[in-house]
Amino acid sequence: MASVESEREEKASVLKLKNPNLPGEGGEVDYLYHLGLDTSMPLKEMFGDVRFVVTGGSPSRAQWFAQELYSQLQHVEGAPARVPGLGPVTIGKTDRYSLYKIGPVISVSHGMGMPSASILLHEIAKLLHYAGCRDDVTIIRAGTSGGLGVPAGTVVISTSALDGHLRESYTLPILGKERVFSTVLDPELAEEIFQVGLEAGVPVCKGKTMATDCFYEGQGRTDGAICDYTAEEKFQFLHQLRDLGVRNIEMESAQFSAFTGRLHIKSAIVCVTIINRLEGDQITTTKEETDALINQGLSLVITFLKKKLSSSSSSSSTSSTQKRPRN
Ligand code: R2B
Ligand code: URA
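Sequential numbering of the sequence shown, starting at 18, is according to our numbering.
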């Protein structure tokens with residue numbers, strides 16, 4: 018009787034998807050096409066211990082993050098990554114995304130823009146589910162952004178995302194109908210990462226993030242190939258955003274927050290600003306300078322993960338319920 022009870026509990030705490038049609042549930046193979054993984058592989062052995070997924074735009078950053086986390090976790094007493102994981106080598110296909118596993122952490126790139134992030138998140142959620150990962154897995158987007166009235170190098174922890182129409186929601190046409198989803202992010206997780214940043218002396222702030230489908234006109238730049246508005250109109254727009262509580266602009270947060278919210282996956286968005294958009298449009302920093310800024314944001318996430326992983330690996334046995342609006 019006791020074992021039946023615990024098995025039920027175990028099943029209840031596996032990350033749940035919202036799809037009654039999944040091939041992998043009916044004994045057929047489900048192909049996670051863009052990751053190059055499928056359910057005929059030993060996904061439970063490969064990924065069953067995953068507790069955190071860190072994702073950002075570029076493959077090289079996913080690799081840097083994996084290598085840095087790998088080397089830093091060697092020095093954390095009691096960190097589960099000391100148990101040999103698969104190490105910082107890519108797993109699966111690399112023509113679309115680059116995925117690494119470091120102990121209980123996946124580092125994976127999501128490409129640029131919401132369509133690319135959407136494909137990655139659908140397949141990562143299915144991977145976590147098929148691998149039997151728990152429903153308290155946390156997904157963090159650690160990326161870059163343009164700041165609004167904050168100096169370059171500031172790490173913005175998003176409280177929610179606005180779309181290109183300045184709506185605090187994400188709209189996706191599904192079967193030809195407009196569907197609107199909440200983009201409010203977990204306030205407790207945002208605060209926890211914010212506090213880690215303060216303690217580490219990193220310039221951090223919390224605020225809203227605007228997600229656009231266009232780096233140039235969508236973000237009010239005047240330096241794209243097309244621009245039919247004035248510099249004055251641009252600044253009016255940027256100041257309007259600032260007044261709405263927006264502190265940075267990037268290209269994935271609305272989809273990311275809505276998707277993770279719909280599946281009740283704990284998530285956070287931690288983006289370093291590489292420019293202050295109130296001062297200009299062009300990113301004039303060298304690659305080395307930009308990398309240094311980006312690494313500041315990624316390092317904050319590593320500090321957060323080290324804290325979580327070293328505090329107690331048994332904390333993963335306490336399932337937490339995400340407190341945010343359900344769609
Ligand atoms: C930040 O940087 C990229 C555009 O340069 C985009 O993916 C984003 O969100
Ligand atoms: N990424 C963006 O999307 N916008 C910026 O201004 C900088 C990085």
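All residues carry an ideal CB built from backbone N, CA and C; glycine is no exception. Predicted model, so just to flag it, every value in this text is computed and none were measured.
Residue i vs residue j beta-carbon contact at 8 Å
{"i": "S177", "j": "C288", "result": "no"}
{"i": "L144", "j": "Y114", "result": "no"}
{"i": "D298", "j": "R238", "result": "yes"}
{"i": "E86", "j": "V122", "result": "Residue identity check: residue 86 is Leu in the sequence provided, not Glu. In contact: L86 and V122 (Cβ atoms closer than 8 Å)."}
{"i": "A169", "j": "I292", "result": "yes"}
{"i": "L54", "j": "H146", "result": "no"}
{"i": "V257", "j": "M131", "result": "The question names Val, but residue 257 is Gln in the sequence shown. Contact: no."}
{"i": "A309", "j": "E269", "result": "no"}
{"i": "K324", "j": "V172", "result": "no"}
{"i": "R294", "j": "G164", "result": "yes"}
{"i": "L206", "j": "T155", "result": "yes"}
{"i": "K223", "j": "I174", "result": "yes"}
{"i": "L39", "j": "L326", "result": "no"}
{"i": "V167", "j": "T290", "result": "yes"}
{"i": "R78", "j": "S126", "result": "yes"}
{"i": "I191", "j": "Q236", "result": "no"}
7 Å Cβ shell around residue i - same chain, five flanking residues per side excluded
{"i": "E140", "result": "L49, H51 and L52"}
{"i": "G102", "result": "In this predicted model, G102 has a pLDDT of only 49, less than 50, meaning its place in the structure is not dependable enough to derive any value."}
{"i": "F252", "result": "none"}
{"i": "A275", "result": "Y187, F198, S199 and T200"}
{"i": "E195", "result": "T188"}
{"i": "T277", "result": "I156 and S284"}
{"i": "M129", "result": "G74 and M268"}
{"i": "L255", "result": "L165, G237, R294 and L295"}
{"i": "S133", "result": "H127"}
Start-to-end residues for the beta strand (DSSP E) that takes in residue i
{"i": "V289", "result": "K283 to N293"}
{"i": "E267", "result": "V263 to E267"}
{"i": "R259", "result": "Per DSSP, R259 belongs to no beta strand (DSSP E); it is in the alpha helix (DSSP H), A248 to D260."}
{"i": "I156", "result": "T155 to G164"}
{"i": "A178", "result": "V172 to L179"}
{"i": "Y114", "result": "No beta strand (DSSP E) contains Y114, which DSSP labels as neither H nor E."}
{"i": "I123", "result": "V122 to S126"}
{"i": "L189", "result": "S186 to I191"}
{"i": "F198", "result": "K194 to S199"}
{"i": "F232", "result": "Run containing F232: none; DSSP gives neither H nor E here."}
{"i": "T107", "result": "No beta strand (DSSP E) holds T107; DSSP gives it neither H nor E."}
{"i": "V70", "result": "F69 to G73"}
Where the alpha helix (DSSP H) through residue i begins and ends
{"i": "A83", "result": "P76 to L90"}
{"i": "Y147", "result": "M131 to Y147"}
{"i": "M63", "result": "L60 to F64"}
{"i": "V318", "result": "K304 to S328"}
{"i": "F276", "result": "S270 to R279"}
{"i": "V213", "result": "P204 to E216"}
Own chain, CB closer than 8 Å to residue i, minus 5 neighbours either side, in chain order
{"i": "V318", "result": "V71, F82, I157, A159, I210 and V287"}
{"i": "I108", "result": "L54, M63, L116, Y117 and K118"}
{"i": "S328", "result": "none"}
{"i": "G43", "result": "none"}
Sequence-distant residues of its chain with Cβ nearer than 6 Å to residue i (five each side left out)
{"i": "G73", "result": "A159 and G160"}
{"i": "K61", "result": "A148 and G149"}
{"i": "V219", "result": "V172 and L317"}
{"i": "Y233", "result": "G241"}
{"i": "V100", "result": "Residue placement at V100 is flagged as unreliable, the pLDDT there being 38, under the threshold of 50; a coordinate-derived value is accordingly withheld."}
{"i": "F13", "result": "Residue 13 lies beyond the stretch modelled for the chain, which goes from 18 to 344, so this question has no answer here."}
{"i": "L124", "result": "According to the sequence shown, residue 124 is Ser rather than Leu. Same-chain partners within the cutoff: V71, A79, F82, A83 and Y117."}
{"i": "A248", "result": "T239"}
Check: residue i C-beta below 7 Å from any heavy atom of the ligand URA
{"i": "E234", "result": "no"}
{"i": "S133", "result": "no"}
{"i": "I291", "result": "yes"}
{"i": "G163", "result": "yes"}
{"i": "R294", "result": "yes"}
beta-carbon residue i near the ligand R2B non-hydrogen atom, thresh 7 Å
{"i": "E209", "result": "no"}
{"i": "M268", "result": "yes"}
{"i": "G170", "result": "no"}
{"i": "G130", "result": "yes"}
{"i": "G237", "result": "no"}
{"i": "G297", "result": "no"}
{"i": "G214", "result": "no"}
{"i": "G109", "result": "no"}
{"i": "G74", "result": "yes"}
{"i": "G41", "result": "no"}
{"i": "G149", "result": "no"}
- Message: Does the contact criterion of 3 or more C-beta pairs under 8 Å hold for the segment 182-198 versus the segment 146-153?
- Response: With a cut-off of 8 Å, the segment 146-153 and the segment 182-198 do not count as touching, because too few Cβ pairs lie within range.
- Three CB pairs or more closer than 8 Å across the segment 239-259 and the segment 308-323: Contact between the segment 239-259 and the segment 308-323 is absent, because fewer than three Cβ pairs lie under 8 Å.
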